[in-house]
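Below is one structure, written out as structure tokens; the observations come after it.
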Amino acid sequence: KMKALILVGGFGTRLRPLTLTVPKPIVEFANKAMVLHQIEALVKVGVTEVILAVNYQPQSMSKCLEQYEKELGIKISYSHETEPLGTAGPLALAREHLSDGDPFFVLNSDVICTFPFDKLLEFHKSHGAEGTIMVTQVAEPSKYGVVVSDATTGKIARFVEKPQIYVGNKINAGIYIFNPSILDRIELKPTSIEKEIFPNMAEDGQLYAKTLEGFWMDVGQPKDFLAGMKLYMQFLKEQNSDQLFEGKGIIGPVMKDESAKIGEGCMIGPNVTIGPNCIIEDGVRIANACLLAGSVVKSNSFVQNSIIGWDSTVGSWARIEAVTVLGADVHIGNELYINGGRILPHKTIKDSVPEPSIIM
């Protein structure tokens with residue numbers, strides 16, 4: 398009876414304006430609540446209970462996720478922090494859920510990848526130590542905390558924060574598996590698992606690293622959300638996934654909810670997701686973009702590298718680009734240019750936004 402703890406945390410400020418309307422874990426990533434990608438993968442490996450560590454809006458999350466408990470046959474519970482507890486404190490708070498003897502998974506809620514939990518579990522059991530961190534290879538290690546581990550065994554020697562000289566290119570991917578004995582290391586107070594708990598475990602020889610194959614992205618902010626979407630869509634394309642949509646004027650990979658409508662003479666793709674009840678009128682060009690449920694793009698408009706929020710409208714002959722994010726129920730007038738605008742919900746825009754800015 399395996400369990401998993403997902404660290405949801407706070408207000409999702411980095412993904413505003415979308416998170417002004419819904420909590421971050423239920424923002425749709427490729428037409429599915431972000432956290433659902435993780436929960437489905439956990440169910441596949443035999444997890445029977447998922448605990449979401451939240452300090453914000455558990456009600457709206459549970460309302461959204463209720464139906465999936467039945468569908469997936471999994472228990473979803475909430476561990477509600479009254480003060481933010483960092484990345485380790487939530488384990489102490491959820492202690493009674495996690496201390497029943499079996500290893501448990503811990504995940505950051507912003508991470509998207511192939512979620513090879515079976516391989517992680519197998520490796521964790523094989524080395525017998527207290528914890529295993531999934532690591533991913535990056536091109537620019539100096540921006541991150543680097544995990545230095547033994548190339549053969551995976552045993553972690555140390556962590557180096559933003560190294561100025563090259564020590565390795567593997568970083569923490571935000572996916573872990575622990576034996577319950579880790580709980581004896583963590584007090585119920587705001588604590589960082591990366592900075593306070595992991596270094597001690599490594600010193601005790603109790604922490605191992607497993608390299609993640611394939612793509613990985615922290616999709617907690619708009620630029621990375623779009624980059625992660627592109628990686629995920631390319632992965633689906635390589636898998637010849639039946640979730641992808643094909644047709645006239647479609648440059649794959651494109652995902653389209655069956656209730657969405659596309660007009661004549663459009664060119665859509667690559668890396669576009671179109672949510673439920675979206676309407677794309679005639680002659681529209683869309684690339685590298687996410688259209689959330691109920692959004693409308695009127696005729697002859699151009700949308701690129703942007704996220705169009707729920708029930709928002711892009712007028713005719715408009716141009717939207719450069720990581721523009723429209724919150725819910727935003728209306729862009731005809732023939733306007735929006736260049737990297739972050740537009741808060743319920744706004745009607747009558748003038749162009751020539752420079753990246755936040756429109757209140």
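Residue numbers (the numbering used here): 398 to 757.
C-beta: ideal position from N, C-alpha, C; glycine also.
Distance, residue j Cα to residue i Cα
i      : j      : result
Asp515 : Asp497 : 20 Å
Glu707 : Tyr573 : Inspection of the sequence shows that residue 707 is occupied by Trp rather than by Glu. Each residue's alpha carbon lies about 33 Å from the other.
Gly712 : Ser692 : 11 Å
Ile403 : Asp547 : 28 Å
Glu661 : Arg682 : 11 Å
Ile530 : Pro577 : 15 Å
Ala470 : Leu433 : Note that residue 470 is Gly in the sequence shown, not Ala. If you take the alpha carbons of Gly470 and Leu433, they lie about 13 Å apart.
Phe575 : Tyr465 : 26 Å
Asn428 : Glu600 : 42 Å
Val750 : Ile729 : 10 Å
Asn566 : Ile740 : 36 Å
Gly406 : Pro420 : 10 Å
Cys461 : Pro422 : 10 Å
Leu490 : Glu591 : 17 Å
Tyr734 : Met652 : 26 Å
Thr416 : Tyr453 : 11 Å
Met757 : Ile509 : 30 Å
Arg582 : Lys472 : 27 Å
Ser709 : Glu478 : 33 Å
Sub-8 Å separation of residue i and residue j beta-carbons
i      : j      : result
Pro538 : Glu610 : no
Ser506 : Met431 : yes
Ile568 : Tyr541 : yes
Asn674 : Leu623 : no
Val444 : Lys400 : yes
Pro414 : Pro742 : yes
Phe426 : Val616 : yes
Pro619 : Ile648 : no
Gly724 : Thr418 : yes
Ala719 : Gly737 : yes
Met598 : Gly528 : yes
Asp679 : Ser656 : no
Ile665 : Asp654 : no
Gly571 : Leu633 : no
Residue from the options whose Cα sits closest to the Cα of residue i
i      : options                           : result
Leu688 : Ile676, Asn697, Gly680 and Ser696 : Ile676
Gly525 : Lys472, Leu733 and Asp499         : Asp499
Gly551 : Lys472, Thr608, Gly483 and Ser696 : Thr608
Ile594 : Arg739, Ala690 and Gly483         : Gly483
Phe408 : Glu480, Leu439 and Ile579         : Glu480
Ile579 : Cys663, Ser589 and Leu488         : Leu488
Lys441 : Lys634, Asp639 and Leu518         : Leu518
Glu558 : Thr533, Ile755, Val543 and Glu584 : Val543
Phe766 : Asp581, Pro596, Thr533 and Val694 : As shown, the chain starts at 398 and ends at 757. That puts residue 766 outside it, with no answer to give.
Val722 : Lys658, Asp621, Ile659 and Glu732 : Asp621
Ser523 : Ala554, Met626 and Gln603         : Gln603
Ile553 : Val532, Glu584 and Ile562         : Val532
Ile659 : Gly625, Asp639, Met626 and Ser698 : Ser698
Assumed close pair residue i, residue j - CB separation to whole angstroms, cut-off 8 Å
i      : j      : result
Pro650 : Gln636 : Actually they are not in contact, since the Cβ atoms of Pro650 and Gln636 sit about 10 Å apart, beyond 8 Å.
Lys645 : Gly486 : At roughly 53 Å, the Cβ-Cβ gap does not stay under 8 Å, so Lys645 and Gly486 are not in contact.
Ile802 : Ala684 : The structure shown has nothing for residue 802, since the chain only spans 398 to 757.
His494 : Ile436 : Actually they do not touch by this definition, with Cβ atoms about 16 Å apart.
Val727 : Lys744 : 5 Å
Val545 : Val564 : 6 Å
Phe612 : Leu628 : 4 Å
Glu446 : Ser474 : 7 Å
Phe502 : Leu439 : 7 Å
8 Å Cβ cutoff, residue i in contact with chain C
i      : result
Gly649 : Included in the structure is just one protein chain, with no chain C present.
Legend entry - Whole alpha helix (DSSP H) elements within the stretch 476 to 537, 4-residue minimum: 486 to 490, 492 to 495 and 514 to 524
Legend entry - Ordered list of alpha helix (DSSP H) runs contained in the stretch 609 to 649, each at least 4 residues: DSSP runs (the alpha helix (DSSP H)) wholly in the stretch 609 to 649: 619 to 635.
Inset, instruction - Can you check the stretch 542 to 584 for any alpha helix (DSSP H) of at least 4 residues that lies completely inside it and give the ranges in chain order? - result: none
Inset, instruction - Report the residue ranges of all alpha helix (DSSP H) runs contained in full by the stretch 645 to 680; include only those spanning at least 4 residues, in chain order. - result: none
Inset, instruction - Jot down the residue ranges of each uninterrupted alpha helix (DSSP H) in the stretch 426 to 477, minimum 4 residues, whole runs only, in chain order. - result: 431 to 441 and 455 to 469, all fully within the stretch 426 to 477.
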